[in-house]
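Encoded as structure tokens, the structure appears first; notes follow it.
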Amino acid sequence: MNAANPEMTQSTLDTPPEGIGDTSVEPPAPSLSIVIPTFNEIDNIVPLVGRLHRTLAGIEWEAIFVDDDSRDHTIEMVRTISLRDRRVRGIRRVNRRGLAGACIEGILSSSAPVVAVMDADLQHDETRLPEMLRMMDALSADLVVATRYKNEPHDIDGLTKLRHTGSRVATQLAQRLLPTQTSDPMSGFFMVRRVIVEAAAPKLSLQGFKILLDILTSSSRPLAVAELPYDFRPRLHGNSKLDATIVTEYFGLIVAKLTGGLITPRFLMFCAVGSVGLLVHLSVLRLLLVNGLSFPAAQTFAMMGAILSNYTLNNALTYRDRRRRGWRFITGLALFSLLCSFGVLAGVGLSTLIYNQEPHWWLDGIAGAVIGAVWNYITSSAITWRAR
Ligand code: GDD
Ligand code: MN
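Residue numbers are given in my numbering: position 351 of the sequence shown equals residue 369, and the series is strictly consecutive.
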């Protein structure tokens, strides 16, 4: 190959440059990459790598830890191991959070044709990995899901009762609504051909925990999915990061998929925050009126309360990946208030126009609210919390 030629065509990629890929001098390429997202998992790293060594003897493997800048310095533990073990490496992501995004970056950085995704906390039974790899070949599968439900659908030791019910409901909802072919679309433990993720990557959501469901529904062709049961173990060290926002995002993804991407999880969150704002508005209004304030004064304070509540909650939840802090928090509030007042004007103006044609107070009320919400959402996404 001509080293001076920077262009890499497919044919030059197929035949690697001389001296590269000579297995008599270099270690053989991995046949399995294991991507392990981590967030504050320092105490689990050494036990996990030890277990991988034991269970994967005889397989060429590599492990890629993808850490979102954990406060407990998980990544340093990974680096310490990498210094002695070339199979192990770490990616440190800064100013970012998200299990799905971490997994996708890990997969895209991997080298083997087959990639497994598993948690770092030892809840996933790593001894299933060789069998999963065997199934990939034997069944010509695109994806093998390690499922918690195949054997005993009503008993998962590692989950609390509430988590268990929630997980069950989420699973059934996904199964009913989406063309998924697995008993555990919420599983965080699966193996997939890397090309599948490479192709779907631009479409995948980076937030939340629903990566498997997302891969299953984003592929351009139906995937051949195999399943294998395992026992979900209790966590060894540290805490679960699954919280209410993650659950909300999951249901948001389902709605997004069902509406062909028209209604996004972010928009749903924006609307939920808006509903809280409405409650704040009405409560403040009532409180001040009862205490003898004039209507215009009470209404003004109520609106300010609602705007403050909407801004703070949107900053914390809807746009948490673009959160405004410090001085930018203040300027953002000013921007948000200004843009929302245009939203009110647009909503009132347009719904009045419609009212003059079609005088149904409720229909035009809803139209006004929708126009206002859409306006506020568009300006919030494009201006107040624009992607930087
Ligand atoms: N890089 C990164 N960034 N890793 C994360 C993040 C994040 O924002 N959030 C969580 N993780 C890592 C954790 O460190 C752990 O290794 C793994 O992702 C799973 O997180 P847990 O917090 O342990 O999740 P869980 O045990 O409550 O949830 C399990 O069950 C879910 C279904 O009920 C996981 O297997 C999920 O993948 C699964 O969807
Ligand atoms: Mn866990």
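Here a beta-carbon is modelled for each residue, glycine too, at the ideal position from N, C-alpha and C.
Taking 6 Å as the cut-off, is the CB of residue i close to at least one heavy atom of the ligand MN?
i, result
"Asp61", "no"
"Asp139", "yes"
"Ser205", "no"
"Ser258", "yes"
For residue i, name the three-state secondary structure that DSSP assigns.
i, result
"Pro131", "coil"
"Leu300", "helix"
"Glu407", "As shown, the chain starts at 19 and ends at 406. That puts residue 407 outside it, with no answer to give."
"Thr402", "helix"
"Arg115", "coil"
"Ser51", "strand"
"Phe319", "helix"
"Thr178", "coil"
"Ile109", "strand"
"Thr397", "helix"
"Met150", "helix"
"Ala242", "coil"
"Met209", "strand"
"Pro171", "Because Pro171 sits at a pLDDT of 47, beneath the cut-off of 50, its placement in the model cannot be relied upon, and the point is left open."
"Pro314", "helix"
"Asp261", "coil"
"Thr336", "helix"
"Thr165", "strand"
"Pro283", "helix"
"Pro247", "strand"
"Asp155", "helix"
"Thr56", "strand"
"Asp85", "strand"
"Gly350", "helix"
"Lys228", "coil"
"Thr370", "helix"
"Gln375", "helix"
"Asp382", "helix"
"His71", "helix"
"Asn328", "helix"
"Arg97", "helix"
"Gln193", "helix"
"Ser185", "helix"
"Asp61", "helix"
"Glu44", "coil"
"Glu36", "coil"
"Pro252", "coil"
"Ala138", "coil"
Rounded to whole angstroms, how far is the Cβ of residue i from the Cβ of residue j, which I believe are closer than 8 Å?
i, j, result
"Leu151", "Met209", "7 Å"
"Ile281", "Val273", "6 Å"
"Asp137", "Arg111", "Not a contact, Cβ separation roughly 17 Å."
"Asp139", "Gly256", "6 Å"
"Ile389", "Leu368", "5 Å"
"Ala219", "Ile122", "6 Å"
"Gly76", "Ile93", "Not really, about 29 Å apart at Cβ, beyond 8 Å."
"Arg341", "Asn333", "6 Å"
"Leu241", "Leu297", "The Cβ separation is near 43 Å, so there is no contact."
"Arg212", "Val133", "5 Å"
Confirm the yes/no value for this check: CB of residue i, any heavy atom of the ligand GDD, distance under 6 Å.
i, result
"Arg107", "no"
"Ala120", "yes"
"Ser185", "yes"
"Thr277", "no"
"Arg251", "no"
"Arg115", "yes"
"Phe227", "yes"
"Pro65", "no"
"Pro493", "With the chain covering only 19 through 406, there is no way to say anything about residue 493."
Counting C-beta neighbours from all protein chains within 10 Å, is the total for residue i 16 or more, i.e. buried, or is it exposed?
i, result
"Thr165", "buried"
"Leu271", "buried"
"Phe2", "With the chain running from 19 to 406 in the structure shown, residue 2 is simply not present."
"Arg146", "buried"
"Asp261", "exposed"
"Ile348", "exposed"
"Lys179", "exposed"
"Val6", "Nothing about residue 6 can be read from this structure; the chain reaches only from 19 to 406."
"Glu80", "buried"
"Met322", "exposed"
"Asp155", "exposed"
"Gly62", "Checking the sequence shown, residue 62 turns out to be Asn, not Gly. By the neighbour-count rule (16 or more Cβ atoms within 10 Å), Asn62 is buried."
"Glu376", "exposed"
Would you check whether the ligand SAM has a heavy atom nearer than 6 Å to the C-beta of residue i?
i, result
"Val84", "With respect to small molecules bound, the structure shown includes the ligand GDD and the ligand MN and not the ligand SAM."
Taking 7 Å as the threshold (beta carbon to beta carbon), is residue i in contact with chain D?
i, result
"Val67", "No chain D is part of this structure, which consists of one protein chain only."
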